[in-house]
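Here is the structure we will look at, set down as structure tokens.
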Amino acid sequence: MTLPALPSPAAIDGEHPRNPSTRIIHTSLAHPVTFDYEPPKDGSHPCQWCHNFTYGLLGLGKRTVEVLDFGNGRYIEVSGGHVAEGHEPSRMCVVCALERIHIMRCAAHRIVHLAGYQVDSFNFAAAYNSLVPIPGQGPPKKINPWCSLCPNPAFFGCSALQTVNKFQEPVNASSRDAIGCGLLLCERCEGLIHAARGDLAQVIMENEQRDFTFGSRADATYLLPGNDMYQFYIGS
Ligand SMILES: [Zn+2]
Ligand SMILES: [Zn+2]
Ligand SMILES: [Zn+2]
1 MTLPALPSPA
11 AIDGEHPRNP
21 STRIIHTSLA
31 HPVTFDYEPP
41 KDGSHPCQWC
51 HNFTYGLLGL
61 GKRTVEVLDF
71 GNGRYIEVSG
81 GHVAEGHEPS
91 RMCVVCALER
101 IHIMRCAAHR
111 IVHLAGYQVD
121 SFNFAAAYNS
131 LVPIPGQGPP
141 KKINPWCSLC
151 PNPAFFGCSA
161 LQTVNKFQEP
171 VNASSRDAIG
181 CGLLLCERCE
191 GLIHAARGDL
201 AQVIMENEQR
211 DFTFGSRADA
221 TYLLPGNDMY
231 QFYIGS
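In structure tokens, the structure reads:
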């Protein structure tokens with residue numbers, strides 16, 4: 001893998017507080033989240049997003065968590081969090097982070113139908129069943145594309161021409177990498193995004209107002225301007 005031509009991650013001083021404040025967040029992840037996780041070669045502790053596609057969709061379940069906010073994208077759970085329940089803090093590898101940054105940097109999404117996926121003939125039951133792990137068979141297998149904003153099957157995707165790939169390397173216009181930023185949308189979000197004139201934050205807000213628990217993906221926030229992951233790589 002070529003290292004991304006991005007500014008180096010902002011120095012994160014871990015527990016050195018910059019006047020940490022206590023606040024309440026709604027989250028399905030375990031904090032503090034690592035955004036540049038390097039998985040060991042032996043496969044023992046993989047990136048949770050790479051390892052299991054349902055992790056980014058559902059996370060560990062939505063919680064209202066009191067956190068210490070260090071003002072640098074890093075939260076320490078104080079009460080109500082997943083770490084206290086025995087979960088390991090969430091860990092995202094650089095590639096998964098760069099995929100999200102690539103979507104954020106798309107100049108203007110151009111949303112088209114995904115070839116081969118029609119709402120009318122789609123087996124929704126099979127798709128939702130595929131989210132449920134089968135005991136003894138490892139992580140669930142992805143059998144269809146999923147929305148980048150909510151935990152529903154995707155039928156649309158961005159096809160806007162890109163000048164760089166997710167590693168920020170220049171791509172030829174004729175290359176496959178040049179087509180689309182990676183944003184995928186379900187039928188509902190595709191409708192909302194048109195109404196919101198492309199404002200993903202508004203779509204996510206509407207989704208969460210409709211359904212607090214399952215309205216948005218666990219990691220949807222990492223596509224929004226100024227999010228913790230983006231700040232970690234690029235700064236605010
Ligand atoms: Zn990953
Ligand atoms: Zn796009
Ligand atoms: Zn959606």
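Per UniProt numbering, residue 1 is the first one in the sequence shown, and the count goes up by one each step. Every residue gets a Cβ at the ideal spot worked out from N, C-alpha and C, and that includes glycine.
Where Tyr37 is concerned, the enclosing beta strand (DSSP E) starts and stops at 34-37. Considering only Ala218, Glu187, Cys93, Ile234, the residue with the shortest C-alpha distance to Ala30 is Ala218.
Annotation for Val83: no beta strand (DSSP E) segment contains it, and DSSP assigns it neither H nor E.
Residue burial is scored here from C-beta neighbours: Pro151 has at least 16 other C-beta atoms within 10 angstroms and is therefore classed as buried.
In the structure shown, His194 falls within a helical segment according to DSSP collapsed to helix, strand and coil. Counting only runs of 3+ residues, the beta strand (DSSP E) found wholly inside the stretch 58-112 occupies 63-69, 75-79, 91-93, in chain order. For Leu223, the shortest separation between its Cβ and any heavy atom of ligand 2 does not lie below 7 Å. About 23 Å separates the Cβ atoms of Met92 and Val132, ruling out a contact at the 8 Å cut-off. Those residues placing their Cβ nearer than 6 Å to any heavy atom of ligand 2 are, following chain order, Cys106, His109, Cys158, Ala160, Cys181, Leu183. Excluding the 5 residues flanking it on each side, Ala154 has same chain C-beta neighbours closer than 7 Å at Leu114, Pro145, Trp146, Cys147, Leu184, Leu185, Cys186, in chain order.
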